[in-house]
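Residue numbers (full-length UniProt numbering): 1 to 311.
Reading through the structure tokens given below for one structure.
Structure follows, in structure tokens:
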């Protein structure tokens with residue numbers, strides 16, 4: 001069973017990505033400011049994404065509503081389109097979903113930063129659904145499948161609105177467990193506990209905003225944090241890693257890294273308007289106590305996995 005919560009939090013603060021460039025932190029007070037009164041148009045473009053299946057993970061089709069990268073809407077909110085790094089992150093997630101010892105099998109709590117239209121996050125949702133359905137089948141002898149939690153986040157409230165619509169339109173089909181089947185027709189049976197719980201929340205980066213966010217996720221850290229095309233201005237690097245290190249589960253005292261918590265990040269150095277180099281990202285990560293491994297380097301796109309430094 002899956003539970004998906006798409007209702008906006010009443011505490012969400014109006015904020016758009018363009019304010020990073022304009023060095024603003026909140027809605028302006030000048031009523032004559034046209035930018036404050038700007039309302040996004042309805043999406044004009046559909047992005048169709050298909051991920052080939054394997055023996056462990058069947059093919060996944062995702063359809064996302066958004067805008068072309070050169071539109072006015074993406075100038076205000078960069079998350080309203082797709083960027084190239086997300087494809088590399090998605091390929092990595094599919095590979096992990098195909099492994100019986102991959103991220104989706106080994107971990108329980110997942111969080112995406114800068115979800116945008118939801119390409120990677122919705123794919124992760126499908127991977128978790130497939131993985132938990134397989135576990136239900138495998139546990140037919142009475143074993144209890146592990147509960148999973150996925151939180152998709154973005155700071156931009158216009159982006160969050162479209163993200164929620166895309167999640168709504170791309171919900172995976174879930175199978176019933178054997179116990180559900182047995183209880184059909186029993187008027188006294190209780191609703192089964194969700195095996196996968198998903199929500200979409202506003203999260204603006206930095207220590208203080210992340211601490212304020214924690215109560216909404218049960219004050220618990222995350223095993224896996226992931227995101228792509230997250231930073232294109234240098235001043236956002238420290239807040240990003242403040243958020244990551246606040247939310248990432250503590251390191252395990254083990255020599256094995258297969259089940260240790262991690263932050264997966266895809267970064268493109270040639271994205272238009274980008275001023276953040278790979279070196280800047282890696283230096284910042286190290287200063288926050290993280291070490292990295294390179295999963296992929298493809299011309300101007302790099303995919304890294306960050307973990308807590310080992311003693």
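For each residue, glycine too, the CB sits at the ideal point set by N, CA and C.
All figures in this text were calculated on a predicted structure; none of them were measured in a lab.
Touching or not, the region 2-19 and the region 146-165, by the rule of three or more beta carbon pairs under 8 Å? yes
I'd like to know whether the C-beta atoms of residue 301 and residue 268 end up nearer to each other than 7 Å. Counted from its first residue, the chain shown places residue 301 at position 301. Counted from its first residue, the chain shown places residue 268 at position 268. Yes, they are a contact pair.
Can you give, in chain order, each stretch of the alpha helix (DSSP H) that sits fully within the region 78-127 and has at least 4 residues? 85-97, 103-106
Could you tell me which of 290, 305, 296 sits nearest to residue 311, measuring between CA atoms? Within the chain shown, residue 311 is the residue found at index 311, counting from 1. It is 290 whose Cα lies nearest to the Cα of residue 311.
Cα-Cα separation, residue 93 to residue 297: Residue numbering aside, residue 93 sits at position 93 when the chain shown is read from its first letter. Residue numbering aside, residue 297 sits at position 297 when the chain shown is read from its first letter. Going by the C-alpha atoms only, they are around 16 Å apart.
Between residue 117 and residue 163, which are expected to be in contact by the criterion C-beta below 8 Å, what is the C-beta distance as a whole number of angstroms? The count along the chain shown starts at 1 and reaches residue 117 at position 117. The count along the chain shown starts at 1 and reaches residue 163 at position 163. 6 Å between Cβ atoms; contact.
Is it buried or exposed, residue 31, if we count other Cβ atoms within 10 angstroms and call 16 or more buried? Translated into the one-based positions of the chain shown, residue 31 becomes position 31. For residue 31, the predicted model reports a pLDDT of 43, less than 50, meaning its position is unreliable; a value from the coordinates is still stated below. With fewer than 16 other Cβ atoms within 10 Å, it is exposed.
Measuring CB to CB, does residue 57 end up less than 7 Å from residue 97? Position 57 of the chain shown, counted from the first residue, corresponds to residue 57. Position 97 of the chain shown, counted from the first residue, corresponds to residue 97. The answer is yes: Cβ separation under 7 Å.
What is the rounded straight-line gap between the Cα of residue 209 and the Cα of residue 202? Mapped onto the chain shown, residue 209 falls at position 209. Mapped onto the chain shown, residue 202 falls at position 202. Looking at the two C-alpha atoms, the distance is approximately 10 Å.
Over what stretch of residues does the beta strand (DSSP E) that includes residue 51 continue unbroken? The residue you call residue 51 lines up with position 51 of the chain shown. Segment 45-51, the beta strand (DSSP E) holding residue 51.
Residue 104 to residue 121 span [Cα, whole Å]: Taking the chain shown and counting its residues from 1, one reaches residue 104 at position 104. Taking the chain shown and counting its residues from 1, one reaches residue 121 at position 121. When rounded, the distance between both Cα atoms is 13 Å.
Could you compute how far the alpha carbon of residue 69 sits from the alpha carbon of residue 75? Here residue 69 refers to the residue found at position 69 of the chain shown. Here residue 75 refers to the residue found at position 75 of the chain shown. In a straight line, the C-alpha of residue 69 is about 8 Å away from that of residue 75.
Buried or exposed (CB count within 10 angstroms, at least 16 for buried), residue 89: Against the chain shown, residue 89 aligns to sequence position 89. It is buried - the Cβ of residue 89 has at least 16 other Cβ atoms within 10 Å.
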